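Asker:
In our numbering, the protein residues as written are 272 to 634.
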């Protein structure tokens, strides 16, 4: 390569005509061989405008590739097919992940619990919560009604020269038999209402009423032991040579045991619920006339520490002390009255003019 001198009319730095520039504008050397000039790359083409009915794509998020340029929408076709839903109890996306080594396997499924039937309730009350003694009282009344229809009174009839025969009557042929049964049954019904219908408030104390009912029923059944109804006219029967022996059947003895059991259970249940028999109630002490109750027996508390007891009795005043006067208080820096020579004790001054308080007479 040979060096040619510039023309006389050419300024330094000017390029000769029809010669490529030594460097592109801006001082940037285009790619290629050194010393050669190449045209700049074309500018990037903008994406085509969206067609009618299409929305512009959203701007790409950070870290994502830019969306593809606008184009024709894909042709319509059948929607993608979805698989069948998983069966009940199976995972929707395969098996669950296994725990790492060294850890126990988690339990599968739910532990089976033993199902128990709930306790039966009558009217909203738990049957199992009823006291056994109350069950005994409730059962005594219906059982008395049942045994009142069986052999309650028994008779043995003997005929002269004809032999003998026997028979029985129910409790409904004698007053004390059926009346005692009816009272005991009413007491059981009252107790049942108070237990199974707690919203019903009887007008009488339930426990005392039940106890009184079974006490009256026991008395009636005991009287039925001595009062047996006569099956016929006794005088006419004896005239015919017929003798009748009266007694009691097994229905009476069972009824007697039932009514006594109901009475005992009523007493025990009354004690258990905090009640008391009428004669066991303690009489309250009558108040003292004037509206003041008697003082309680005991000792008065001792006086507080540091205080002595008050003087008792009347103390006579010191001779020479005038009524209504008090001894003067000791002033700071002075001696006690009576210790100075020529002075007298306060209250022992002779009658006459006395100095004002706080001053002493001139000597």
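Built from N, CA and C at the ideal position, the CB exists for glycine as well. Every value quoted in this text rests on a predicted model; they were computed, and no experiment measured them.
Do the region 459-475 and the region 424-444 touch if we need at least three Cβ pairs shorter than 8 Å?
Answerer: No, the region 459-475 is not in contact with the region 424-444.
Asker: On the DSSP letters alone, give me the boundaries of the beta strand (DSSP E) that residue 424 sits inside.
Answerer: Counting from one through the chain shown, the residue named residue 424 turns up at place 153. 424-430 is the span of the beta strand (DSSP E), which, as asked, contains residue 424.
Asker: Residue 443 to residue 536, Cα distance in whole Å?
Answerer: In the chain shown, residue 443 corresponds to position 172, counting from 1. In the chain shown, residue 536 corresponds to position 265, counting from 1. Going by the C-alpha atoms only, they are around 26 Å apart.
Asker: Sorted by chain position, which residues of the same chain lie with C-beta nearer than 7 Å to residue 455's C-beta, five sequence neighbours on each side aside?
Answerer: Counting from one through the chain shown, the residue named residue 455 turns up at place 184. The answer, listed in chain order, is 411, 412, 415, 484, 485, 488, 530 and 533.
Asker: Please name the residue in 541, 525 and 400 whose C-alpha comes closest to that of residue 480.
Answerer: Counted from its first residue, the chain shown places residue 480 at position 209. Residue 541 is the option with its Cα nearest to residue 480.
Asker: So for residue 518, helix, strand or coil by DSSP?
Answerer: Locating residue 518 in the chain shown gives position 247, where the first residue counts as 1. Note: residue 518 maps to strand in three-state DSSP.
Asker: Tell me which same chain residues have a C-beta within less than 6 Å of the C-beta of residue 523, skipping the five on either side of it?
Answerer: As a working mapping, residue 523 is identified with position 252 in the chain shown. Hits under 6 Å: 423.
Asker: The alpha helix (DSSP H) with residue 440 in it runs from where to where?
Answerer: Your numbering for residue 440 matches position 169 in the chain shown. No alpha helix (DSSP H) holds residue 440; the beta strand (DSSP E) holding it covers 434-440.
Asker: Note down the Cα distance separating residue 496 from residue 526, rounded to an integer number of angstroms.
Answerer: Numbered from 1 along the chain shown, position 225 holds the residue referred to as residue 496. Numbered from 1 along the chain shown, position 255 holds the residue referred to as residue 526. Distance between the alpha carbons of residue 496 and residue 526 is about 11 Å.
Asker: Would you identify the three-state DSSP class for residue 398, choosing helix, strand or coil?
Answerer: Locating residue 398 in the chain shown gives position 127, where the first residue counts as 1. Three-state result, residue 398: helix.
Asker: The alpha helix (DSSP H) that contains residue 403, what's its start and end?
Answerer: In the chain shown, counting from the first residue as 1, residue 403 sits at position 132. 403-418 is the span of the alpha helix (DSSP H), which, as asked, contains residue 403.
Asker: Between residue 546 and the rest of its own chain, which residues show a CB-CB distance below 6 Å, the 5 nearest in sequence each way excluded?
Answerer: The residue given as residue 546 occupies position 275 in the chain shown. Once the five neighbours on either side are set aside, the close Cβ partners of residue 546 are 478.
Asker: Apart from the five residues just before and just after residue 438, which ones in its own chain have a Cβ nearer than 6 Å to its Cβ?
Answerer: Counting from 1 along the chain shown, the entry for residue 438 is found at position 167. If we look at residue 438 and ignore the five residues flanking it on each side, its Cβ neighbours are 426.
Asker: Could you check the C-alpha separation between residue 420 and residue 521 for me, to the nearest Å?
Answerer: Numbered from its first residue, the chain shown carries residue 420 at position 149. Numbered from its first residue, the chain shown carries residue 521 at position 250. Their backbone Cα atoms lie some 11 Å apart in a straight line.
Asker: Measuring only the C-alpha atoms, how far is residue 493 from residue 449?
Answerer: Within the chain shown, numbered from 1, the residue matching residue 493 stands at position 222. Within the chain shown, numbered from 1, the residue matching residue 449 stands at position 178. Distance between the alpha carbons of residue 493 and residue 449 is about 12 Å.
Asker: Would you give the residue range spanned by the alpha helix (DSSP H) that residue 495 belongs to?
Answerer: Along the chain shown, read from residue 1 onward, the residue named residue 495 stands at position 224. 477-497 is the extent of the alpha helix (DSSP H) around residue 495.
Asker: So, residue 514 versus residue 429, is the Cβ gap smaller than 7 Å?
Answerer: As a first step, residue 514 must be located in the chain shown, where it is residue number 243. As a first step, residue 429 must be located in the chain shown, where it is residue number 158. For residue 514 and residue 429, yes; Cβs fall inside 7 Å.
Asker: Sorted by chain position, which residues of the same chain lie with C-beta nearer than 6 Å to residue 440's C-beta, five sequence neighbours on each side aside?
Answerer: Within the chain shown, numbered from 1, the residue matching residue 440 stands at position 169. Cβ neighbours of residue 440 beyond the five flanking positions: 424.
Asker: When the Cα of residue 418 is compared with those of 396, 404, 453 and 501, which residue comes out closest?
Answerer: Numbered from its first residue, the chain shown carries residue 418 at position 147. Closest option to residue 418, Cα to Cα, is 453.
Asker: In whole angstroms, give me the CA-to-CA distance for residue 400 and residue 406.
Answerer: As a position in the chain shown, residue 400 is number 129, starting the count at 1. As a position in the chain shown, residue 406 is number 135, starting the count at 1. Cα-Cα distance, rounded: 11 Å.
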